[in-house]
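Just so you know, the sequences run in chain order A and B. For the first sequence, the working numbering begins at 1 and goes up steadily by one. For the second sequence, the working numbering begins at 234 and goes up steadily by one. The beta carbon of each residue, even a glycine, is placed where N, CA and C say it ideally should be.
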Amino acid sequence: MTWYKIKALRGKVSSLSMTEPVRGTLDAVLKQDSDNSPTCVYNEVAALRLAQRAGVPLAMGVPSVGDGGVYFASLTVGGLSINLPDVSRQKMEGVAKRYPNEAAGIFVFDVWILNDDREHNLKANLTGSPLHLVAAIDHEQTLLGRYEDMLQSLEALEGMEAPRNHPLGGHVQSHLVDRWIALIQAMSDDSIDDALVLRYSVGGVHERSQSRLARAMKQRRDQLSDLVAQALG
Amino acid sequence: MKVQITELCLTVADDLAPFAVLVEHEHECAWAMASDLHPSDKGWLGHVLEEAERRPEEWWVLEAWRDWLKDVAGGAPGDRREAFRRLGRSTPGCIVRRPRTAATRLPAGAVASRWRRDRLFDRAEVIAAEIAARLAEGGKAFWNATLTIGDHEVLTGDWVVEVLPASGFPRAAPPAPGANPGFLAPDATVAAQGLALVHVVKAHQVAETREAWSATQRRLGPTYPYAVAVVRGWHGAEVMDGGCLIGERFAAPVSLGVAAVRSKWYGP
């Protein structure tokens, strides 16, 4: 688990409340569908919902609505007054050493959701500070966003395509990888359906596409060992 | 030649506080941060974190930024652009300023290093450092100069110059701006590279200061690089002869200092 950054604290919700809750705002990055990423919001929501079921450390976020339409509000990780930079490819080995379990989880999860875009999309504390902080961010180019065309992405998922050059691939420990494969394979069909089939459209992603994605993800779950072997090969 | 300068800034309300720079020239890329990242060296905090309204106890995050800069500088130009693009998207509070091009005769590393000095230290301190370094080049410890103090009051007297050790000696934080730091004993020297402290004493303290300086020099030996300029009087002082300085604690020189700045910071 990681902490999230509070941007501002406001007044108390109620002076009568026993728990004395306070109103506040959290720092977030708002992401929206665009021509370059037409399934961005759905992908972010879907990836997070899948990850939460398996316990993979993705940065938290919430679907949001504003004047500009639908957004995914990705919360800024760390609770720090200066945000951490993204983890570069060169530092991925350090992530796998300091956070071996989380690194293995992120790697296996990325194989499952066909994420070939992990470089610079990870926040982790690798300094001398003891703060435990590791969280995967940015999943717009996974699932239905793997390719520019949603149908092509679905075909890639159904065709058992795996990430080709994952930056954590050469650094994760095999027994932890096996553990995460087992965790994801323990997810039920219903759980995957609940995560992905939202019963309402998000941007241009309608229920039919969501259901097709859920079917593909179940197939990929069943073949996850092979997919991981392919990604490690 | 032309270099491309990209600054990384922390946001401060509607303003920006630069904390790191990447300087690119063809395939070369140098970087610098406005920080020494040393827990005992708090001088940078005022320039970076507090200026940017951040919590100083979170200085360690800049370690991660140092590593990031190192990696990005070592990558291909296209990868750098991509890293900047992603950073702007995923790291609120950090802005990559649009790159600017500058003409210089200096290599990228020197441009980055000067950017760092400019950010890290008070400009007057850096200028004073340049002067002290120049005066000390010939091993000239004492010299006679005429000073103009305040409203053209002229003072003629002896000055003492020491060159601070660049490394290998204990560190101490620079004194607060406006404070008279007292004579700098060797165990309280400011070890930042190139920084010399221009030290002001009262007229009656000159003899005592000279004595202390001589004792220090005897103890450390003739090869010891030395460096504190001691100015008589606690007033704005301007050296008319030999080229030194005006100002209070740290001088803002008009002659030698300006030349030093122009030649050493921006190229001839």
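Neighbouring residues, chain A, relative to residue i (Cβ below 9 Å)
i       : result
C327(B) : I82, N83, P85
T324(B) : V29, T76, N83, L84, P85, D86, K123
E291(B) : L80, S81, I82, S129
A265(B) : Going along chain A, no residue has its Cβ under 9 Å from A265(B), so there is no contact; the nearest lies around 16 Å.
Beta-carbon neighbours of residue i, restricted to chain A and to distances below 8 Å
i       : result
A343(B) : Going along chain A, no residue has its Cβ under 8 Å from A343(B), so there is no contact; the nearest lies around 25 Å.
R333(B) : Near R333(B) there are no residues of chain A at all, since even the closest Cβ is about 22 Å away, more than 8 Å.
Neighbour list for residue i in chain A, Cβ cutoff strictly below 7 Å
i       : result
L243(B) : I82
R288(B) : S81
Residues of its chain near residue i, where Cβ-Cβ distance is below 8 Å and the 5 sequence neighbours each way are ignored
i      : result
V22(A) : L9, R10, G11, K12, V13
D71(A) : The residue asked about is misnamed: residue 71(A) is Tyr in this sequence, not Asp. Closer than 8 Å at Cβ, skipping near neighbours: L30, K31, Q32, V41, P63, S64, V65.
G68(A) : Q32
S34(A) : C40
Extent of the continuous alpha helix (DSSP H) run through residue i
i       : result
R49(A)  : 40-54
R146(A) : Segment: none, R146(A) is in no alpha helix (DSSP H) and carries neither H nor E.
E315(B) : 310-323
Q32(A)  : That residue, Q32(A), is in no alpha helix (DSSP H); its beta strand (DSSP E) goes 28-32.
D237(A) : No statement about residue 237(A) is possible, as the shown extent of chain A runs from 1 to 233 and does not include it.
W264(B) : From DSSP, W264(B) is part of no alpha helix (DSSP H) but of the beta strand (DSSP E) over 261-266.
Q237(B) : Note, Q237(B): premise wrong, no alpha helix (DSSP H); beta strand (DSSP E) at 235-245.
S209(A) : 207-222
K303(B) : 294-307
Neighbourhood of residue i by C-beta distance below 7 Å, restricted to the same chain and skipping five residues each side
i       : result
M187(A) : R53, A54, R221
N43(A)  : H139, E140, T142, L143, L144, G145
R215(A) : none
T76(A)  : Y4, K5, D27, A28, V29, N83
D189(A) : K218
A237(A) : Past the edges of chain A, shown from 1 to 233, lies residue 237(A), and the structure says nothing about it.
V204(B) : Because residue 204(B) is not part of the residues shown, which for chain B are 234 to 501, the question remains open.
H385(B) : Low confidence applies to H385(B): its pLDDT is 42, below 50, so where it sits in the model is not reliable, and the reading given next is rough at best. There are no such residues.
A418(B) : A caution first: A418(B) carries a pLDDT of 29, below 50, which makes its placement in the model unreliable, though a value can still be read off. The answer is none, since no qualifying residue turns up.
Q237(A) : Residue 237(A) is absent from the model: chain A starts at 1 and stops at 233.
S225(A) : I181
W498(B) : Note on W498(B): pLDDT 30, under 50, position unreliable in the model; the coordinate value appears next. Counting only Cβ-Cβ distances below 7 Å, and skipping sequence neighbours, we find R347.
Cβ shell of residue i (< 6 Å), same chain only, five flanking positions each side left out
i       : result
P251(B) : E240, C242
N101(A) : L176
Q237(B) : E257, P332, T334
W180(A) : A104, G105, V108
S153(A) : L144, R146, Y147
R313(B) : V305
D117(A) : Q141
L183(A) : A54
Chain-ordered chain B contacts of residue i [CB-CB under 8 Å]
i       : result
I137(A) : S323
L126(A) : A297, D300
C-beta contact flag for residue i and residue j at 8 Å
i       : j       : result
S74(A)  : A59(A)  : yes
I113(A) : A136(A) : no
A345(B) : A265(B) : yes
A263(B) : A309(B) : no
G203(A) : V65(A)  : no
T324(B) : P85(A)  : yes
S88(A)  : D248(B) : no
M160(A) : Q210(A) : no
E296(B) : T2(A)   : no
P163(A) : N115(A) : yes
A343(B) : K235(B) : no
A267(B) : R338(B) : no
V248(A) : V228(A) : The shown model of chain A, from 1 to 233, leaves out residue 248(A), and the question about it has no answer.
L48(A)  : G61(A)  : yes
E286(B) : V254(B) : no
Where the beta strand (DSSP E) through residue i begins and ends
i       : result
W180(A) : Not the beta strand (DSSP E): W180(A) falls in the alpha helix (DSSP H), residues 174-185.
S74(A)  : 69-75
D248(B) : 248-258
V65(A)  : 61-66
K5(A)   : Counting along the chain, K5(A) falls outside any beta strand (DSSP E), and DSSP gives it neither H nor E.
V329(B) : 327-329
A136(A) : 134-136
K123(A) : 122-124
A103(A) : That residue, A103(A), is in no beta strand (DSSP E); its alpha helix (DSSP H) goes 100-113.
R118(A) : From DSSP, R118(A) is part of no beta strand (DSSP E); its letter is neither H nor E.
Chain B residues whose Cβ lies nearer than 9 Å to that of residue i
i       : result
H120(A) : E315, A316, R319, L320, S323
*At a Cβ cut of 7 Å, what residues of the stretch 244-259 of chain B count as close to chain A, listed as they run along the chain?*
Hits within the stretch: zero.
*Anything in the stretch 91-112 of chain A with a Cβ closer than 8 Å to a Cβ of chain B? List those residues in chain order, please.*
K91
*Just by C-beta distance, which residues in the stretch 293-304 of chain B are closer than 8 Å to chain A?*
W293, V294, L295, E296, A297, W298, D300, W301, D304
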